[in-house]
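Read the structure below first, then the notes.
Numbering (this note's numbering), first residue to last: 1 to 140.
So this is what it looks like as structure tokens:
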């Protein structure tokens, strides 16, 4: 089990070990385990470039998931725009850390088969995000 954090901006997480433990528990609660994950943090333009290069989407996004999971072992890369997370935290009037944790677990939930390509799926994944965010705050 390994979660690596790669910083392509001046941003860095305050406590990687606490977040790692939380992500492991989130996976375990759904019957999964973590193999190898990389969380990479980017600025808006760099993540937009990745979005276009890999998905053909020419727009900004907060998170992109590259899933290499096998069975119940979660593997892959999750790319996050720190600028987009900050903007969304202001837009939705939530603390930056909560919005960051939300997109981090959102990427992980995609690896577990949750999707958000329609309204019903979006409601389910959003509920899972909320439940995991609550669990993070209870554990702190």
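By construction, the Cβ of each residue, glycine as well, lies at the ideal position given by its N, Cα and C atoms.
Using only the alpha-carbon positions, how far apart do residue i and residue j sit?
i: residue 57; j: residue 25; result: 32 Å
i: residue 30; j: residue 112; result: 8 Å
i: residue 123; j: residue 33; result: 24 Å
Rounded C-beta distance between residue i and residue j? I'm assuming under 8 Å.
i: residue 27; j: residue 74; result: 6 Å
Cα-Cα, which of the options is closest to residue i?
i: residue 104; options: 117, 123, 77; result: 77
i: residue 11; options: 88, 92, 134, 96; result: 96
i: residue 9; options: 65, 19, 46; result: 46
Can you tell me whether residue i is buried or exposed? The criterion is at least 16 other CB atoms within 10 Å of its CB, across all chains shown.
i: residue 110; result: buried
i: residue 52; result: exposed
i: residue 7; result: exposed
i: residue 70; result: exposed
Excluding five sequence neighbours on each side, which residues of the same chain lie with their C-beta closer than 7 Å to the C-beta of residue i?
i: residue 5; result: 13, 16, 39
i: residue 136; result: 22, 101
i: residue 68; result: 75, 76
Can you list, in chain order, the residues of its chain with a C-beta nearer than 6 Å to that of residue i? Leave out the 5 residues immediately preceding and following it.
i: residue 81; result: 42, 44, 47, 62
i: residue 132; result: 26, 105
Under 8 Å Cβ to Cβ from residue i, same chain only, skipping five residues before and after it: list those, please.
i: residue 92; result: 99
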